[in-house]
Each structure stands twice: as C-alpha cells, then as structure tokens.
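S.K.: So the sequence shown is residues -33 to -1, 1 to 567, counted in mature numbering (1 follows the signal peptide of the UniProt record, and there is no 0).
Think of the CB as a built atom: it goes at the ideal place given N, C-alpha and C, for glycine as much as any other residue.
My questions all concern the structure below.
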Amino acid sequence: MMRLSGRARVRSMIAVLAACLLVAGPFVAPAQAQQDKVLRVALVQEIDHLNPFTASFASSAMVGRMAWEFLTLPSAEDTSPTGGVAESWQPSPDGLTWTFRIREMTWSDGQPVTAGDAAFTLNRIMTDPKAAEANGSYVTNFESVTAPDDRTLVIRTKIPQSSMTALDIPIVPEHIWGGVEDMADPRTDEVDIVGVGSGPFVLTEFRRNEVIRLKANPTYWRGPAKIDELQFVSFKNSDMAVNALRNGEVDFVNRLTPAQFDALRDTPGVETNKANGRRYRDLLINPGAQNADRQPVGDGHPALRDVRVRKAIARAIDPQTLVDRVSGGYAQLGGGLVPALYAKYHYEPPADQRYTFDPARARAELDAAGYPMGPDGVRVGPDGRPLEFRLVGRASEDYQQRAADYVVSWLGEVGIRVNKQLVSDNEVNEVTSSGHYDLALSGWGTNPDPDYVLSLHTCDRLPVASGSSSSASFFCDEEYDRLYAAQRAEMDPEKRVQLVKQAQARYYDQVPTVILQYDNVLEAYRSDRFTGFTRQPADGQIMEQNGYWGFYGATPVDAASGGDGSSAGVWIAAGAGVLVLLVVGGVALTRRRTSAEDQE
C-alpha cells in the first residue's frame, strides 16, 4: 500500500471533506452567525397581533416598538421623554393645546413621514373602537387632532392632560393603513401591511409560533443599526430557549427563571444581566365582568363580586413565599400598580393596611360574611353555591405553573376549592378578556408615566363587547375613576404624585387583583457574539423596558473590535460530527467541535 506524505494526506482529507459537503449540503455553524450580523432573540410568549392598533401581549408590543416610532419615548438614560417622530413639543399656557413639531424623516418605503400620518393614527383610535383596543386610553381626553401642515401636529384636550409626553402609540403611515376598513381583519397582521415602518427595524416575515424577521432600516433617522437583521424565534417554553442559548442557536433570552439565571452565570460565552423590573405579577379576581354598557359578560363566580371575599383571598395567600421560593428572591414584594422601579409614583401600603398572610383571619372574615364551611370542607355562599373557583394560568410559564400550586393549597386551607386550568397564552387571553374565569395569574408591564397602567382599571376601559382586551381587571369604581381623572388633569408634579398614590390605595382596598410582586429582569446573551446592548436606565435592563434601545445598540463582537466579521480560516462541515478545518499558512489543523462554547 502506498503511504502518502503529510501534505498529500492533508490534500486528500480536504478532498474527502469537500465531497462530503457536496453530498450533505451546506451547514452553517453557530459561530458563523455573527458574519451575517443577525441577532436572534428567543420568544416564549405567543404573539396575539402585529397590528399595532390591536396588539396587547407584551411580546407583540415589543416587536411593534422596533418597527414604528412614537411621537416621544422614554430616553435610555433616565426614561425622561425624548424625541421620536416629534422633534419638539410645547403646551399652551392653559395646558389644553399641545403643538408637536414633526421630524423630517421617511417611512421605510421612501415616502415622507408627515404630521398627517400622526393625525390619521390618533383620529383612527379616537373614532374606531376596534382601532382603540390597544391604545384607546391615551386619547379619551382628546378634543381634536389636526395637522395644519406637514411639520405641525396640534392636539387639543378637553381638560389638561399631564401625560402628553408619554403617549405610547406607534405612529403608522396613512398611505398604508388608510385603506384598512376593519382593524380586526387578520390581514392586518400580514407583512404587506405591517412591513412599512419608521423604526430602527422593518418587519419582513411573520410565521406564527415560528419566527419574526426584521431587517435593519437603512433610512432610520438615528442611523442604521449595527446589525443587519433581528429575529424573534419562538419556543414552547423557557427551558428550550435556554438550551438554544447554550447551543448558540439564539443570542438573547429574557424572563429567565431564577434557576436558569443562576445556571447561566458561569457559562462560557454568556453574560447575564439582572435589574429591577417594570412588570408586576398579579392574581386577577373576577369582580363581576361587564361591558361598557354595564351588561354582565362571562361566567365568573358571583361570590367574587363581594369585596369581603376578595379581601379574604388576599389574606389567604402568601406573596412573600412566592418571591422567596418561586422567584428565588429575584423579585420585590407587591403593593400598588406602579412598581418600586418608579419610586416617585410607587404606592407602598401602610403596615396596618397591607394584606398580610393570615389564614385564620381569612377564615374568620369568610364566616362573618356569610360563607360557612360545608361538610366537605368547601364553603358555601348565601345562594347555596360552593366556593369553587377556576384558576387560569399560562402552561408555558414556569412561574405560573408553580405559583398555581401554592394558590390552590392556600385557598384550600380556608375552605375555597380551586381547580387549575393551565393553557396556552392565547387561551388565557381569550378567557380573561371575555370574563370566562374566576381567578387568573396575570401580569402587566408599566411605563415610566403611571397614566396608562392606572387607566387600565377605569370604567372607560370596560370592553365594548365580550372578548375585547380593553380592561385588565374589569374593575369599575366611581371613587377610583375620580382619582384617576384628577391625576391626569393635574399639571403640578407633586400634587399629581399624591393623586396617583391615592388612586392606587383605592384599588388596593377594593382588591380586583392582588399585586403579588415586581419581578427582577433576568436576561442572558451571547457575549462572545454581541456587545453594546443599551441598558435602560443606564444600570438597568436591556429588553424589558420601553423603547428599542437594547437591540438597536447591539454590536457584533467582531465589528466592535474592529474586525470585518469574516472568519480567519476556512470552515467545512460534514454531517452531524461538524469536523472543522482551520487552514493557517498552508498547514491544516483539525479538531472536533464539542460544544457551542468552543468558539473558533
């Protein structure tokens, strides 16, 4: 048998590998992802809509923030208002008229952004109930919205409105959306409608429960992003998303569980980030769901209309245990609707008014309210109906799976039987928005300005019809509405703070929900591939906050270090073994890739 020289053996090996490559087809190794400058973000929550007029899920709103600019948005540095579509703004002396100067910029299809586009967007929300589903609360006080010229937008309000620099409304192009007659039409989620925007990224593909692709907008007014493409890749649960991060299949994961976060801390090539969060978790207690005409909707248990029952439930559960055992200490104990992150507006219940874990007191209050214990250990109401409630939660979320078991046990101890119903994200949305639930684990993201989160619980937010997602709690209370309206109209900052806290105190007292905790943001990303993620505020979070700052600032590691993103060697992959050849100065070095952490 002929023996080959060293160089001949190398040439022979290359030939064999090349042949294998032709047979097996092309394979892109994870380490090559940064050559394409594609940032892949894991998405565990489902998407309800991409249509910005109807999108209510946090995941959907996040995608929308990438595609459409707002008039103003919270700055990355300290969340104070900064310019977007509007480059400047000025209220009139009486606070009733706001004039916005519209920036000279273009839509991604090349047409100019004008004040007419902003006026169209706001007027459509004001006049079309379907278009108001996601953002209607922002415009209920608007008297008129006009565009005297292409650069001037004028908004007149019925009474002064303190939140005019916090209108969390994506501005859309009239030449695209003006032809949409029905905002509930499924076609409004398709790329030919949602694919024209003014944000840092442009929607190019949407495959439900698979992937959302956005390309960098080359004409974005702040300058193009440093990445070419942003992808949101869907996973059924967070464990799968974390495995994908470890394997290099995605580059960013948020909403990690404490165990996942701790496990990723020392993973080579992965950086973790913890920050105080803007989201609260709560237990919805159906207070008697009704629509805007005050007609009952859904099938909630009638006993929950009794505030005494709701207060007893609040005393029967132990949020501190959820913070410690389910969230691993990565959360703050709940109180008011505004998280502690926004300390200025945060309401902390006084010690003598806080619902502390007290099963004995809960049992006594239920006895006194006329709900005696039945022979089977389940209490019975005055109508003879047992206190047996359904608890709805998201099957995809570790927190809700585990918290549900605690709630079932705690309420069982005071004579309330609870049956878990853990279902898909969209099913949770359907049953809660239509009032077909008794209890539900939920949560909401808040903005730096408290107006929006407070508005979600006003009578004005009751749905026009069953199934609308206008209300977060079906709460309708005259005193709360009075306090909400007063804070909205108060232009004195310190007086407004006190009214905001009074409104939260009223909500806390009436218990339409129990605010369980404010989550810490737990995130992780492939630091061996991307850097430069902008945090908001400066020492805060990357993904969870308002705006697009985190992903817009992302920079491929090669680009950040001055490289061109190209590989220094020649990559050839054959079959599942991924045998790698690195050619340096004509000499071939081979080794088997054992994991995604072994970066060549």
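Which same chain residues end up closer than 7 Å to residue 185 when comparing Cβ atoms and leaving out the 5 residues on each side of it in sequence?
M.R.: Along the sequence shown, one-based indexing puts residue 185 at 218. Cβ within range, chain order: 191.
S.K.: Hey, out of 400, 427, 475, 299, whose CA is closest to residue 265's CA?
M.R.: Working through the sequence shown from its first residue, we reach residue 265 at position 298. Of the listed residues, the one whose Cα sits closest to residue 265 is 400.
S.K.: Out of 474, 214, 252, 10, which one is the CA nearest neighbour of residue 409?
M.R.: Mapped onto the sequence shown, residue 409 falls at position 442. Checked all of 474, 214, 252, 10; the closest Cα to residue 409 is 252.
S.K.: Taking DSSP as the reference, what is the three-state secondary structure of residue 79?
M.R.: Locating residue 79 in the sequence shown gives position 112, where the first residue counts as 1. Reduced to three states, the DSSP call for residue 79 is strand.
S.K.: Take residue 134 as the anchor and find which of 354, 53, 425 has the nearest alpha-carbon.
M.R.: Counting from 1 along the sequence shown, the entry for residue 134 is found at position 167. Of the candidates 354, 53, 425, the one whose C-alpha sits nearest the C-alpha of residue 134 is 53.
S.K.: By the DSSP assignment, the beta strand (DSSP E) with residue 181 in it spans what residues?
M.R.: Looking up residue 181 in the sequence shown gives position 214. Unbroken beta strand (DSSP E) run through residue 181: 178 to 183.
S.K.: Identify which residue in 114, 50, 370, 92 has its Cα closest to the Cα of residue 81.
M.R.: Stepping through the sequence shown from its first residue, residue 81 is reached at position 114. Comparing Cα positions, the closest option is 114.
S.K.: Would the region 473 to 492 and the region 295 to 314 be scored as touching if the rule is three or more Cβ pairs under 8 Å?
M.R.: Cβ pair count under 8 Å is three or more, so yes.
S.K.: If you draw a straight line from the alpha carbon of residue 322 to that of residue 286, how long is it in whole angstroms?
M.R.: By 1-based counting over the sequence shown, the position of residue 322 is 355. By 1-based counting over the sequence shown, the position of residue 286 is 319. Looking at the two C-alpha atoms, the distance is approximately 10 Å.
S.K.: Exposed or buried, what is residue 446 when buried is set at 16 or more other beta-carbons lying within 10 Å of its beta-carbon?
M.R.: Along the sequence shown, one-based indexing puts residue 446 at 479. So residue 446 counts as exposed.
S.K.: Ordered along the chain, which non-local residues of its own chain (more than five positions away) have a Cβ less than 6 Å from that of residue 13?
M.R.: By 1-based counting over the sequence shown, the position of residue 13 is 46. Cβ neighbours of residue 13 beyond the five flanking positions: 392, 393.
S.K.: Can you give me the start and stop residues for the alpha helix (DSSP H) that residue 30 sits inside?
M.R.: Here the question's residue 30 lines up with position 63 in the sequence shown. Start and end: 25 to 34.
S.K.: Determine whether the beta carbon atoms of residue 361 and residue 389 lie at a separation below 8 Å.
M.R.: Residue numbering aside, residue 361 sits at position 394 when the sequence shown is read from its first letter. Residue numbering aside, residue 389 sits at position 422 when the sequence shown is read from its first letter. Going by C-beta atoms, residue 361 is nearer than 8 Å to residue 389.
S.K.: Give me the DSSP bridge partner(s) of residue 305.
M.R.: Mapped onto the sequence shown, residue 305 falls at position 338. BP columns for residue 305 are empty, so no partner.
S.K.: CB residue 37 to CB residue 51, shorter than 8 Å?
M.R.: For this step, residue 37 is matched to residue 70 along the sequence shown. For this step, residue 51 is matched to residue 84 along the sequence shown. Yes; because the gap between Cβ atoms is below 8 Å, this pair is in contact.
S.K.: So, at 7 Å on beta carbons, what are the nonlocal neighbours of residue 16 in its own chain, with the 5 sequence-adjacent residues on each side left out?
M.R.: By one-based count along the sequence shown, residue 16 stands at place 49. Cβ neighbours of residue 16 beyond the five flanking positions: 22, 27, 156.
S.K.: Roughly how many angstroms separate the alpha carbons of residue 495 and residue 175, rounded to a whole number?
M.R.: Taking the sequence shown and counting its residues from 1, the one referred to as residue 495 is at position 528. Taking the sequence shown and counting its residues from 1, the one referred to as residue 175 is at position 208. Approximately 29 Å, taken between the alpha carbons.
S.K.: Here's a check: name, in chain order, each residue in its chain whose Cβ is nearer than 6 Å to the Cβ of residue 426, leaving out the five neighbours to either side.
M.R.: By one-based count along the sequence shown, residue 426 stands at place 459. The residues are 443, 448.
S.K.: Taking residue 238 as the reference, give the member of 221, 470, 4 with the closest Cα.
M.R.: Taking the first residue of the sequence shown as position 1, residue 238 is located at position 271. Here the closest residue by C-alpha is 221.
S.K.: What does the alpha-carbon distance come out to for the pair residue 194 and residue 6?
M.R.: Residue mapping note: residue 194 aligns to position 227 of the sequence shown, counting from 1. Residue mapping note: residue 6 aligns to position 39 of the sequence shown, counting from 1. Residue 194 and residue 6: Cα-Cα distance of roughly 7 Å.
S.K.: Return the bridge partner residues of residue 122 from the DSSP annotation.
M.R.: Within the sequence shown, residue 122 is the residue found at index 155, counting from 1. Answer is 65, 112.
S.K.: Between the region 120 to 137 and the region 415 to 430, are three or more C-beta pairs nearer than 8 Å?
M.R.: Output reads yes: the region 415 to 430 touches the region 120 to 137.
S.K.: For my contact list, residue 178 and residue 201 are in at a C-beta cut-off of 8 Å; report their separation, rounded to the angstrom.
M.R.: Numbered from its first residue, the sequence shown carries residue 178 at position 211. Numbered from its first residue, the sequence shown carries residue 201 at position 234. Yes, they are in contact, since the Cβ atoms of residue 178 and residue 201 sit about 7 Å apart, within 8 Å.
S.K.: Evaluate residue 203 with the Cβ neighbour count: other Cβ atoms within 10 Å of its Cβ, from every protein chain shown; 16 or more gives buried, anything less gives exposed.
M.R.: Taking the sequence shown and counting its residues from 1, one reaches residue 203 at position 236. So residue 203 ends up on the exposed side.
S.K.: Considering only residues of the same chain and omitting the five flanking positions on each side of residue 262, which have a CB-CB separation below 8 Å?
M.R.: Indexing the sequence shown from 1 puts residue 262 at position 295. Result list for residue 262: empty, nothing under 8 Å.
S.K.: Tell me the DSSP secondary structure of residue 509 in three-state form.
M.R.: On the sequence shown, residue 509 is found 542 positions in, with the first residue counted as 1. Of the three classes helix, strand and coil, the one that applies to residue 509 here is coil, per DSSP.
S.K.: Would the region 375 to 383 count as touching the region 345 to 359 if we require 3 or more Cβ pairs under 8 Å?
M.R.: Cβ pair count under 8 Å is three or more, so yes.
S.K.: Check whether the Cβ atoms of residue 455 and residue 108 sit closer than 8 Å, and answer yes or no.
M.R.: Translated into the one-based positions of the sequence shown, residue 455 becomes position 488. Translated into the one-based positions of the sequence shown, residue 108 becomes position 141. Yes; because the gap between Cβ atoms is below 8 Å, this pair is in contact.
S.K.: Tell me which residues share the same chain as residue 295 and place their Cβ nearer than 6 Å to its Cβ, disregarding the 5 neighbours each side in the sequence.
M.R.: Counting from 1 along the sequence shown, the entry for residue 295 is found at position 328. The answer, listed in chain order, is 225.
S.K.: Ignoring anything shorter than 3 residues or poking outside the region 154 to 207, list the beta strand (DSSP E) runs there in chain order.
M.R.: Entirely contained in the region 154 to 207, the beta strand (DSSP E) runs reaching 3 residues are, in chain order, 168 to 174, 178 to 183, 196 to 201.
S.K.: Could you give the distance in angstroms between the alpha-carbon of residue 47 and the alpha-carbon of residue 507?
M.R.: Here residue 47 refers to the residue found at position 80 when the sequence shown is read from its first residue. Here residue 507 refers to the residue found at position 540 when the sequence shown is read from its first residue. Going by the C-alpha atoms only, they are around 14 Å apart.
S.K.: Grab me the residues of residue 407's own chain with a C-beta within less than 6 Å of its C-beta, minus the 5 sequence neighbours each way, in chain order.
M.R.: In the sequence shown, counting from the first residue as 1, residue 407 sits at position 440. Contacts found: 251, 359, 399.
S.K.: Along the chain, where does the alpha helix (DSSP H) containing residue 230 start, and where does it finish?
M.R.: For the purposes of this step, residue 230 is identified with residue 263 of the sequence shown, where counting begins at 1. That run of the alpha helix (DSSP H) goes 225 to 231.
S.K.: With DSSP as the reference, identify every bridge partner of residue 293, one or two as the case may be.
M.R.: Taking the sequence shown and counting its residues from 1, one reaches residue 293 at position 326. Looking at the DSSP assignment, residue 293 forms no beta bridge with any residue, so it has no partner.
S.K.: Could you say which of 493, 371, 274, 383 lies nearest to residue 477 if we only look at CA atoms?
M.R.: Locating residue 477 in the sequence shown gives position 510, counting from the first residue. Nearest C-alpha to residue 477: 274.
S.K.: Report the three-state DSSP secondary structure of residue 278 (helix, strand or coil).
M.R.: Sequence index remark: in the sequence shown, residue 278 carries index 311 (1-based). If DSSP states are grouped into helix, strand and coil, residue 278 belongs with the helices.
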